[in-house]
Amino acid sequence: MIVSAGYYMALAAALFVIGALGMLLRRNVLVMFMCIELMLNAVNLTLISAGRALNDLNGQVAVFFILVVAAAEVVVGLAIIVAIFRRRSTASIDELSELRG
Amino acid sequence: MTFSAWISEPINWIFLLVGLVVLASGFRVVTAKNVVHAALLLVAALAGTAGLFLMLAAEFVAWVLVLVYIGAVIVLFLFGIMITRAPTGQDEGLDSEKKVVPALLSVGVFVLMAWGSIDAFGTTLVGATGDPISTELIGESLLGRFVIPFEVVSFVLLAALIGSITLARKDLTPIEEEEGRRV
Numbered sequence: 116m117i118v119s120a121g122y123y124m125a126l127a128a129a130l131f132v133i134g135a136l137g138m139l140l141r142r143n144v145l146v147m148f149m150c151i152e153l154m155l156n157a158v159n160l161t162l163i164s165a166g167r168a169l170n171d172l173n174g175q176v177a178v179f180f181i182l183v184v185a186a187a188e189v190v191v192g193l194a195i196i197v198a199i200f201r202r203r204s205t206a207s208i209d210e211l212s213e214l215r216g
Numbered sequence: 507m508t509f510s511a512w513i514s515e516p517i518n519w520i521f522l523l524v525g526l527v528v529l530a531s532g533f534r535v536v537t538a539k540n541v542v543h544a545a546l547l548l549v550a551a552l553a554g555t556a557g558l559f560l561m562l563a564a565e566f567v568a569w570v571l572v573l574v575y576i577g578a579v580i581v582l583f584l585f586g587i588m589i590t591r592a593p594t595g596q597d598e599g600l601d602s603e604k605k606v607v608p609a610l611l612s613v614g615v616f617v618l619m620a621w622g623s624i625d626a627f628g629t630t631l632v633g634a635t636g637d638p639i640s641t642e643l644i645g646e647s648l649l650g651r652f653v654i655p656f657e658v659v660s661f662v663l664l665a666a667l668i669g670s671i672t673l674a675r676k677d678l679t680p681i682e683e684e685e686g687r688r689v
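These protein sequence lines map, in sequence, to chains A and B. Counting from 116, one number per residue, gives the positions in the first sequence under this note's numbering. Counting from 507, one number per residue, gives the positions in the second sequence under this note's numbering.
Structure below.
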């Protein structure tokens with residue numbers, strides 16, 4: 116009795132929830148950014164295990180596109196964070212509230 | 507399915523071990539007080555995910571994950587932490603005060619998602635539906651059926667490159683800009 120695809124997805128759900136909990140609890144911009152990466156990886160794991168369970172090629176293709184877009188997102192997000200850090204040395208998301216309506 | 511029958515399979519040992527490593531390092535990413543430690547623990551979480559991808563016979567995506575994420579994105583994170591004036595030490599008081607509601611919400615979401623996925627795929631054995639998909643097939647698919655998304659995504663990467671250079675460049679004061687125009 117080997118482990119089934121559903122347990123890979125349950126593991127991915129746990130990883131996603133850990134990332135979401137980090138987004139909710141932490142106020143450090145860089146840590147919140149890492150939590151986004153954790154959540155993206157959990158979704159990738161779900162897609163891969165579904166693709167393997169259904170023997171479908173498109174799961175891996177979708178994960179490939181998610182990885183590329185996430186890499187672009189990291190580059191732009193870190194550039195924004197660097198630009199913020201240059202003007203002020205706080206890492207707290209709560210102090211960056213100028214765009215509040 | 508009894509637990510003793512489940513634990514007697516060696517592949518389940520590997521799944522349990524890698525899964526625990528991924529969950530523990532993911533949890534430490536969230537709870538680490540030092541940002542550099544969080545970035546290094548993210549490496550462990552991503553490496554474990556790549557190992558799970560290999561167990562699911564997705565070699566291409568697993569190695570893309572290792573090269574792009576562990577090779578490039580984490581280095582970018584560490585550069586972002588260390589080159590800028592980001593506070594790397596203890597950051598007490600930066601966490602949200604309200605902890606109970608997010609924790610209950612997360613446990614609820616986890617139970618819902620885990621129940622749904624085990625209900626749907628709990629009996630679908632990995633690898634029971636045929637041979638693993640080879641990298642050759644993925645390459646043919648990316649340059650055949652998915653060629654337009656592939657090109658669009660390369661354009662997205664170019665836009666991200668230009669955008670990040672523009673954003674992270676040092677801003678010039680009006681006087682410096684005037685001088686730059688003259689030169």
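Quick reminder that beta carbons are idealized off the backbone N, C-alpha and C, glycines included. This one's a predicted model, so the numbers in the text were calculated from it and none came from an experiment.
Report yes or no: is there a C-beta of chain A within less than 9 Å of the C-beta of VAL653(B)? Locating residue 653(B) in the second sequence gives position 147, where the first residue counts as 1. Output row for VAL653(B): interface = no.
What is the rounded straight-line gap between the Cα of GLY525(B) and the Cα of VAL536(B)? Here the question's residue 525(B) lines up with position 19 in the second sequence. Here the question's residue 536(B) lines up with position 30 in the second sequence. In a straight line, the C-alpha of GLY525(B) is about 17 Å away from that of VAL536(B).
Determine, for VAL527(B), whether the minimum Cβ-Cβ distance to residues of chain C falls below 9 Å. No chain C is present in this structure, whose protein chains are A and B.
On the three-state DSSP scale, how would you describe LEU631(B)? For the purposes of this step, residue 631(B) is taken as the residue at position 125 of the second sequence. Looking at LEU631(B) - three-state DSSP - the assignment turns out to be strand.
4 or more residues per run - each alpha helix (DSSP H) lying fully within the stretch 133-170 of chain A: 144-168
Output yes if chain B places a C-beta closer than 9 Å to the C-beta of LEU211(A); else output no. Start at 1 with the first residue of the first sequence, and residue 211(A) comes out as number 96. No - not a single Cβ of chain B is within 9 Å of the one on LEU211(A).
Short of 8 Å Cβ to Cβ, which residues in the stretch 602-630 of chain B face chain A? SER602, LYS605, PRO608, ALA609, LEU611, SER612, VAL613, VAL615, PHE616, MET619, ALA620, SER623, ILE624, ASP625, ALA626, PHE627, GLY628, THR629, THR630
Does the pairing of the stretch 550-559 of chain B with the stretch 570-588 of chain B give three or more beta-carbon distances under 8 Å? yes
For the stretch 183-199 of chain A against the stretch 659-673 of chain B, do three or more pairs of beta-carbon atoms, one drawn from each stretch, fall closer than 8 Å, so that the two count as touching? yes
Counting only beta-carbon atoms, is ILE671(B) nearer than 9 Å to chain A? Within the second sequence, the letter at position 165 stands for residue 671(B). It does: the Cβ of ILE671(B) has a partner Cβ on chain A nearer than 9 Å.
According to the neighbour-count rule (16 or more other Cβ atoms, all chains shown, within 10 Å of its Cβ), is GLY614(B) buried or exposed? In the second sequence, the residue the question calls residue 614(B) occupies position 108. By the neighbour-count rule (16 or more Cβ atoms within 10 Å), GLY614(B) is not buried but exposed.
Taking only beta-carbon positions, decide if GLU684(B) is within less than 9 Å of chain A. Numbered from its first residue, the second sequence carries residue 684(B) at position 178. Chain A, which has no Cβ nearer than 9 Å to the Cβ of GLU684(B), makes this no.
With which residues is SER207(A) paired in a DSSP beta bridge? Here residue 207(A) corresponds to residue number 92 of the first sequence, with the count starting at 1. DSSP lists ASN143(A) as partners of SER207(A).
Out of ALA177(A), MET154(A), ASN159(A), point me to the one whose CA is closest to SER612(B)'s CA. On the second sequence, position 106 is the one that residue 612(B) refers to. Of ALA177(A), MET154(A), ASN159(A), the residue nearest in Cα terms is MET154(A).
Can you list, in chain order, the residues of its chain whose CB lies under 8 Å from that of ALA120(A), leaving out five sequence neighbours each side? Walking along the first sequence from the start, residue 120(A) turns up at place 5. Around ALA120(A): SER164, ALA165, ARG167, ALA168.
Are there any heavy atoms of the ligand SAM lying less than 8 Å away from the beta-carbon of ALA568(B), as far as the coordinates show? Questions concerning the ligand SAM fall outside what the structure shown contains, since it holds no ligand whatsoever.
Cβ of ILE576(B) less than 9 Å from any chain A Cβ? In the second sequence, counting from the first residue as 1, residue 576(B) sits at position 70. Not closer than 9 Å to any Cβ of chain A, the Cβ of ILE576(B) fails to qualify, so no.
I want to see whether chain B comes within less than 9 Å of LEU130(A), judged by CB atoms only; does it? On the first sequence, residue 130(A) is found 15 positions in, with the first residue counted as 1. So, interface residue.
Closest residue to LEU160(A) among PHE559(B), LEU547(B), LEU649(B), LEU546(B) (Cα-Cα distance): Within the first sequence, residue 160(A) is the residue found at index 45, counting from 1. Ranking the options by Cα distance to LEU160(A), first place goes to PHE559(B).
Nearest candidate by alpha-carbon position, reference ASP209(A), set ILE133(A), ALA129(A), VAL118(A), MET138(A): Taking the first residue of the first sequence as position 1, residue 209(A) is located at position 94. Nearest C-alpha to ASP209(A): MET138(A).
How many angstroms separate the CA atom of SER220(A) from the CA atom of PHE180(A)? No answer is possible for residue 220(A): it lies beyond the span of chain A, which begins at 116 and ends at 216.
Mind pulling the alpha helix (DSSP H) runs of 4 or more residues that sit fully within the stretch 518-546 of chain B? none
Buried or exposed: SER660(B), going by 16 or more other Cβ atoms within 10 Å of its Cβ? Position 154 of the second sequence, counting from 1, holds the residue named residue 660(B). Flag for SER660(B) reads exposed.
Pair within 9 Å by beta-carbon distance, PRO608(B) and LEU145(A): Mapped onto the second sequence, residue 608(B) falls at position 102. Mapped onto the first sequence, residue 145(A) falls at position 30. Going by C-beta atoms, PRO608(B) is not nearer than 9 Å to LEU145(A).
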